[in-house]
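Numbering (this note's numbering), first residue to last: 740 to 1194.
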Ligand SMILES: Cc1cc2nc3c(=O)[nH]c(=O)nc-3n(C[C@H](O)[C@H](O)[C@H](O)COP(=O)(O)OP(=O)(O)OC[C@H]3O[C@@H](n4cnc5c(N)ncnc54)[C@H](O)[C@@H]3O)c2cc1C
């Protein structure tokens, strides 16, 4: 019997969780297009935190790597089982354990899909603010493990801002609880925030207590079109400098508008750079902010689109959510990163990132979360051209180098995963990296939890 079959067979015999042979979907995530593929020997599908603990304990006892998996929408290769072992998929831990709308809080299991969580909160008159793009597929556990952002992180913060408690399985297979239904907790080192964004390398998140907020009564987006990156960056600076509490500030360079312009629900001036700002709050407040945003944009906008009906507004956000897919479809492949830079460097970063594509002869476009200085510059590579696919690492590395040169970070929201692992030491410097490694050792001394990722 092969080692592969025996891991699957032995794990199945030892735990109560279902254990199945890995199908293709469990060997990849969104990095499949750049050739990342794992070789897991088994997939565990636990239904409870205790079953998760049993799987981790068995893996720890037998020296087998274990890779936590949420919805598989990650862009950093974090859920890809590159060193074999067991994929621990959280999809069956999807219950709402408690929901107290009057106390603005909810406790959910890690496998609940992000969009379902947002719907449940909304039905209680509340908002779960984080809005990462792949919400129908991603899970709250995956969002916490990557500390995911999204357009409205500008006003509301990233996922971790909303987590008040975690239930986590840590090596060698124990369930621990950090925080809870508490709005404040400063006891001890902040282990909860070490787990948030740890990309499955320190523990397996099985449930979370989340803070909610009353849903805004109205949300009205305004999109202005400007002349080039310079015009767009100036408009972004003016919105931020005006002190208007926009809920989101997004940008779309002229190439992005060229690829996605035909499905845009309004008129797009030729070659224009788009800036979208969202005005939310009570109906009065949203209306006031919207009018002021129109004023700020009017200074030098080529055109402004400010939809009013719920149908038009929904169409605009559907267009925004579909951007990544439209860009992916252009040439069948894409190398795209999520670097972030200080706000005053945003225009320069967009310009230089596009220049990388020109230098290496690959079409490029750029969009992202302008208010957070977070760029999604994408290089469109022909999926069937080996030469272009081989350029992907070089293109990504040029972006990481640019981010660090401008005082930014290699990841604003997708995480380090496998794709950026060689760059973390460069960003942190020797002593901070040594401390980072010591944290990993303290949680996972045998390096079996998602090995080869993050550091
Ligand atoms: C179209 C599209 C749009 C996107 N837009 C955004 C965006 O706006 N903002 C953003 O931040 N990201 C975005 N992403 C990236 C991705 O959706 C996020 O990183 C998301 O948080 C990943 O969640 P997931 O459940 O799919 O996790 P996975 O991809 O399955 O896993 C991601 C990482 O988390 C770990 N992990 C997963 N679940 C757990 C758990 N329960 N316990 C411990 N570790 C775990 C995995 O090991 C892996 O390292 C987008 C992706 C796509 C495809």
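Each residue gets a CB set at the ideal place from its N, CA and C atoms; glycine is no exception. This one's a predicted model, so the numbers in the text were calculated from it and none came from an experiment.
Range covered by the alpha helix (DSSP H) that runs through residue i
{"i": "residue 859", "result": "853-862"}
{"i": "residue 704", "result": "Limits of the chain in this structure are 740 at one end and 1194 at the other, which puts residue 704 out of reach."}
{"i": "residue 768", "result": "It is not in any alpha helix (DSSP H) - residue 768 carries neither H nor E in the DSSP assignment."}
{"i": "residue 925", "result": "Per DSSP, residue 925 belongs to no alpha helix (DSSP H) and is neither H nor E."}
{"i": "residue 1203", "result": "One cannot answer for residue 1203 here, as it falls past the ends of the chain, which runs 740 to 1194."}
{"i": "residue 894", "result": "892-895"}
{"i": "residue 833", "result": "Unbroken run through residue 833: none, as it is neither H nor E."}
{"i": "residue 792", "result": "788-801"}
N- and C-terminal bounds of the beta strand (DSSP E) containing residue i
{"i": "residue 754", "result": "Looking at the DSSP string, residue 754 is not in any beta strand (DSSP E), and its letter there is neither H nor E."}
{"i": "residue 1169", "result": "Where residue 1169 is concerned, there is no enclosing beta strand (DSSP E), although the alpha helix (DSSP H) it sits in stretches over 1169-1182."}
{"i": "residue 781", "result": "781-784"}
{"i": "residue 827", "result": "825-828"}
{"i": "residue 993", "result": "No beta strand (DSSP E) holds residue 993; the alpha helix (DSSP H) holding it covers 993-999."}
Bridge partner(s) assigned by DSSP for residue i
{"i": "residue 1073", "result": "1119"}
{"i": "residue 963", "result": "1014, 1043"}
{"i": "residue 988", "result": "1016"}
{"i": "residue 949", "result": "845, 902"}
{"i": "residue 943", "result": "908"}
{"i": "residue 957", "result": "1020"}
{"i": "residue 1104", "result": "1117"}
{"i": "residue 918", "result": "904"}
Given residue i as reference, the closest of the options once Cα atoms are compared
{"i": "residue 969", "options": "949, 984, 981, 993", "result": "993"}
{"i": "residue 719", "options": "1165, 1119, 1166", "result": "Beyond the ends of the chain as shown, which are 740 and 1194, falls residue 719; an answer cannot be given."}
{"i": "residue 827", "options": "876, 944, 1158", "result": "944"}
{"i": "residue 859", "options": "869, 871, 845", "result": "845"}
{"i": "residue 1083", "options": "976, 1008, 1038, 1177", "result": "976"}
{"i": "residue 996", "options": "861, 1059, 771", "result": "1059"}
{"i": "residue 886", "options": "911, 864, 933", "result": "933"}
{"i": "residue 1135", "options": "750, 773, 759", "result": "773"}
{"i": "residue 1073", "options": "1081, 1001, 1063", "result": "1063"}
{"i": "residue 798", "options": "836, 751, 776", "result": "751"}
{"i": "residue 800", "options": "780, 809, 868, 912", "result": "912"}
{"i": "residue 1019", "options": "1039, 957, 1050", "result": "957"}
{"i": "residue 884", "options": "1033, 906, 824", "result": "906"}
{"i": "residue 1116", "options": "1101, 1056, 1169", "result": "1101"}
{"i": "residue 1050", "options": "1009, 836, 1133, 1004", "result": "1004"}
Own chain partners of residue i with C-beta closer than 7 Å, once the 5 adjacent residues on each side are dropped
{"i": "residue 879", "result": "847, 849, 851, 853, 856, 947"}
{"i": "residue 1164", "result": "1172"}
{"i": "residue 1108", "result": "888, 890, 892, 893, 989"}
{"i": "residue 908", "result": "788, 791, 792, 795, 914, 942, 943, 945"}
{"i": "residue 1071", "result": "1121, 1122, 1123"}
{"i": "residue 870", "result": "889, 890, 891"}
{"i": "residue 833", "result": "848, 850, 851"}
Coil, strand or helix - residue i by DSSP
{"i": "residue 760", "result": "coil"}
{"i": "residue 866", "result": "strand"}
{"i": "residue 1057", "result": "helix"}
{"i": "residue 680", "result": "In the structure as shown, the chain begins at 740 and stops at 1194. Residue 680 is therefore absent and cannot be evaluated."}
{"i": "residue 913", "result": "strand"}
{"i": "residue 1079", "result": "strand"}
{"i": "residue 845", "result": "strand"}
{"i": "residue 1052", "result": "helix"}
{"i": "residue 934", "result": "helix"}
{"i": "residue 1114", "result": "strand"}
{"i": "residue 1158", "result": "coil"}
{"i": "residue 1009", "result": "coil"}
{"i": "residue 1065", "result": "helix"}
{"i": "residue 818", "result": "coil"}
{"i": "residue 876", "result": "coil"}
{"i": "residue 1109", "result": "helix"}
{"i": "residue 749", "result": "helix"}
{"i": "residue 839", "result": "strand"}
{"i": "residue 1126", "result": "helix"}
{"i": "residue 812", "result": "coil"}
Spatial neighbours of residue i in its chain, beta-carbon cut-off 6 Å, leaving aside the 5 residues before and after
{"i": "residue 1086", "result": "968, 972"}
{"i": "residue 1139", "result": "1149, 1162"}
{"i": "residue 1127", "result": "1120, 1121"}
{"i": "residue 904", "result": "918, 919, 948"}
{"i": "residue 768", "result": "811, 813, 818, 819"}
{"i": "residue 1079", "result": "1112, 1113, 1147, 1148, 1151"}
{"i": "residue 981", "result": "1035"}
{"i": "residue 786", "result": "831"}
{"i": "residue 759", "result": "782"}
{"i": "residue 775", "result": "816, 819"}
{"i": "residue 1028", "result": "983, 1018"}
8 Å Cβ shell around residue i - same chain, five flanking residues per side excluded
{"i": "residue 764", "result": "811"}
{"i": "residue 1160", "result": "1191, 1192, 1193, 1194"}
{"i": "residue 1000", "result": "1007"}
{"i": "residue 802", "result": "1185, 1187"}
{"i": "residue 1011", "result": "964, 965, 966, 993, 996, 1041, 1042"}
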